[in-house]
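Asker: Residue numbers (the UniProt record's numbering): 1 to 262.
Structure below; questions to follow.
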Amino acid sequence: MIIAHEKQEEELMEEPLSEDDSDDNLPPEFIPLLRLSSNKLKSLGLQLGSNELRFSCTTKLQGTAWCTSHVYLYKWYEQLVISDIDGTITKSDVLGHVLPVVGGTWAHNGVVELYNRIRDNGYRMIYLSSRAIGHSHTTKEYLKSVTQDGKHLPDGPVLLSPTSTMRALKREVIDKCPEEFKIAALTELKHLFPSPNPFYAGFGNRDTDVVSYKAVAVPTARILIIEPYGTIKRWDSSRLEPSYTSIATDSVDYMFPPLPFQ
């Protein structure tokens, strides 16, 4: 979950689930909602950046089961850099779905250094994947495990598809339309921010990533496509960058100039 702090005179309205999803037997204070009001969000006492949430369910037979999630509180003026995961951080689309399970990182060289320098210049990283939500834990653990030269990927929200693993694989591999979920997720995220466009740049590796980023108005000059062997090109140009490392070393301050507010 991502929240834009100090949004200009606009509240995030409560949005109840559809009639099919709601439970008429629940008292009003327990009716499930897709979005909380601004007052309820404020009552959580969130700190800027990442906040851990814990959900629990207790039954007489099975005791208490729980899971954790994270909610991110950002300033309304933040500039966001989107990064696909499979084929963009990892070296393969399909293997990206199974590597978190079987182990191994297999990430493009230099991606950690570049993303850290982008973060250091004041931008927020957003990780996006058409992986199923059931892979949330393993995906987050995978991102934490990617280490290069003693550094880790910057922390940031991880947006995953709210579908089953088989449906996610079918959409990605067979139907070849992962942009459907990505466009919807990025559109929801964009609406949290009052600025005309919070998206500064986007990293991807497929034409569908370009479609997704263009649909939410990521500037075409800053849509960066990673080729299978690690070279990088701007979508609107034939110019190639040799690697993530070359951008981090030679041109990161030009492509991602330090922001005046950090």
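Positions of the beta carbon are idealized from the N, C-alpha and C atoms, including for glycine.
What does DSSP give as the partner residue(s) for Gln-148 in the beta ladder?
Answerer: Reading the sequence shown from its first residue, position 148 is the one you call residue 148. Paired residues: Lys-151.
Asker: How big is the Cα-Cα spacing for Tyr-200 and Val-218?
Answerer: On the sequence shown, position 200 is the one that residue 200 refers to. On the sequence shown, position 218 is the one that residue 218 refers to. If I take the Cα positions, the gap works out to 6 Å.
Asker: On the three-state DSSP scale, how would you describe Lys-233?
Answerer: On the sequence shown, residue 233 is found 233 positions in, with the first residue counted as 1. Correct three-state label for Lys-233: strand.
Asker: Ordered along the chain, which non-local residues of its own chain (more than five positions away) have a Cβ less than 8 Å from that of Asn-109?
Answerer: On the sequence shown, position 109 is the one that residue 109 refers to. Closer than 8 Å at the Cβ level, and outside the excluded window around Asn-109, lie Gln-148, Gly-230, Ser-243, Tyr-244 and Thr-245.
Asker: Are the beta-carbon atoms of Glu-78 and Arg-124 separated by less than 9 Å?
Answerer: The residue labelled residue 78 in the question sits at position 78 within the sequence shown. The residue labelled residue 124 in the question sits at position 124 within the sequence shown. Yes, the pair counts as a contact, with Cβ atoms nearer than the cut-off.
Asker: Compute the Euclidean distance between the alpha carbons of Thr-58 and Pro-162, then round it to the nearest angstrom.
Answerer: Position 58 of the sequence shown, counted from the first residue, corresponds to residue 58. Position 162 of the sequence shown, counted from the first residue, corresponds to residue 162. Cα-Cα distance, rounded: 24 Å.
Asker: To the nearest angstrom, how far is the alpha carbon of Ile-118 from that of Ala-221?
Answerer: Along the sequence shown, read from residue 1 onward, the residue named residue 118 stands at position 118. Along the sequence shown, read from residue 1 onward, the residue named residue 221 stands at position 221. Rounded to the nearest angstrom, the two C-alpha atoms are 16 Å apart.
Asker: In angstroms, rounded to a whole number, what distance separates the CA positions of Gln-62 and Asn-51?
Answerer: In the sequence shown, residue 62 corresponds to position 62, counting from 1. In the sequence shown, residue 51 corresponds to position 51, counting from 1. In a straight line, the C-alpha of Gln-62 is about 28 Å away from that of Asn-51.
Asker: What's the C-alpha gap between Asn-197 and Lys-190?
Answerer: As a first step, residue 197 is located in the sequence shown; it is residue number 197 there, counting from the start. As a first step, residue 190 is located in the sequence shown; it is residue number 190 there, counting from the start. Rounded to whole angstroms, Asn-197 to Lys-190 spans 7 Å at the Cα level.
Asker: With DSSP collapsed to three states, give me the class of Leu-36.
Answerer: On the sequence shown, residue 36 is found 36 positions in, with the first residue counted as 1. Coil, per DSSP.
Asker: Confirm, please, whether the CB-CB distance from Asn-121 to Pro-228 is below 9 Å.
Answerer: In the sequence shown, the residue the question calls residue 228 occupies position 228. In the sequence shown, the residue the question calls residue 121 occupies position 121. Contact flag unset, no.
Asker: Beta-carbon separation of Ile-126 and Val-111 under 9 Å?
Answerer: Sequence index remark: in the sequence shown, residue 126 carries index 126 (1-based). Sequence index remark: in the sequence shown, residue 111 carries index 111 (1-based). Contact: no.
Asker: Could you check what DSSP says for Thr-139 in three-state terms: helix, strand or coil?
Answerer: The count along the sequence shown starts at 1 and reaches residue 139 at position 139. Looking at Thr-139 - three-state DSSP - the assignment turns out to be helix.
Asker: Going by DSSP in three states, Ile-223 sits in which element: helix, strand or coil?
Answerer: As a first step, residue 223 must be located in the sequence shown, where it is residue number 223. Correct three-state label for Ile-223: strand.
Asker: Rounding to the nearest angstrom, what Cα-Cα distance links Ser-195 and Leu-186 in this structure?
Answerer: As a first step, residue 195 is located in the sequence shown; it is residue number 195 there, counting from the start. As a first step, residue 186 is located in the sequence shown; it is residue number 186 there, counting from the start. Each residue's alpha carbon lies about 15 Å from the other.
Asker: By DSSP, does Ser-243 sit in helix, in strand, or in coil?
Answerer: On the sequence shown, position 243 is the one that residue 243 refers to. It is coil, neither helix nor strand.
Asker: Do Ser-69 and Phe-55 have their CB atoms nearer than 9 Å?
Answerer: Locating residue 69 in the sequence shown gives position 69, counting from the first residue. Locating residue 55 in the sequence shown gives position 55, counting from the first residue. In this structure, Phe-55 lies closer than 9 Å to Ser-69 by Cβ.
Asker: How big is the Cα-Cα spacing for His-152 and Met-255?
Answerer: Position 152 of the sequence shown, counted from the start, is the residue given in the question as residue 152. Position 255 of the sequence shown, counted from the start, is the residue given in the question as residue 255. C-alpha separation (whole angstroms): 22 Å.
Asker: How many whole angstroms separate the CB atoms of Leu-160 and Thr-139, which I take to be in contact at a CB cut-off of 8 Å?
Answerer: Translated into the one-based positions of the sequence shown, residue 160 becomes position 160. Translated into the one-based positions of the sequence shown, residue 139 becomes position 139. Confirmed, Cβ separation roughly 6 Å.
Asker: Below 9 Å between beta carbons: does that hold for Ile-225 and Arg-206?
Answerer: The residue you call residue 225 lines up with position 225 of the sequence shown. The residue you call residue 206 lines up with position 206 of the sequence shown. Cβ atoms of Ile-225 and Arg-206: closer than 9 Å.
Asker: Since Gly-63 sits in a beta bridge, which residues does DSSP pair it with?
Answerer: Position 63 of the sequence shown, counted from the first residue, corresponds to residue 63. Answer is Thr-59.
Asker: Which term fits Trp-235, buried or exposed, when burial requires 16 or more other beta carbons within 10 angstroms of its beta carbon?
Answerer: If you number the sequence shown from 1, residue 235 lands on position 235. Buried.
Asker: Excluding the five sequence neighbours on either side, which residues of its own chain have a C-beta within less than 6 Å of the C-beta of Ile-82, listed in chain order?
Answerer: Taking the first residue of the sequence shown as position 1, residue 82 is located at position 82. These residues qualify, in order along the chain: Ile-126, Leu-128 and Gly-202.
Asker: Near Ser-212, which residues of its chain fall below 6 Å by C-beta distance, leaving aside the five closest residues on each side in sequence?
Answerer: To locate residue 212, count along the sequence shown from 1; it is residue 212. Contacts found: Glu-179, Lys-182 and Ile-183.
Asker: What's the C-alpha gap between Lys-170 and Pro-154?
Answerer: Position 170 of the sequence shown, counting from 1, holds the residue named residue 170. Position 154 of the sequence shown, counting from 1, holds the residue named residue 154. Any reading at Lys-170 must be qualified, since the residue scores a pLDDT of 48, below 50, and its modelled position is unreliable; no value is offered.
Asker: According to DSSP, which residues form a beta bridge with residue 264?
Answerer: Examination of residue 264 is not possible in this model, given that the chain is present from 1 through 262 alone.
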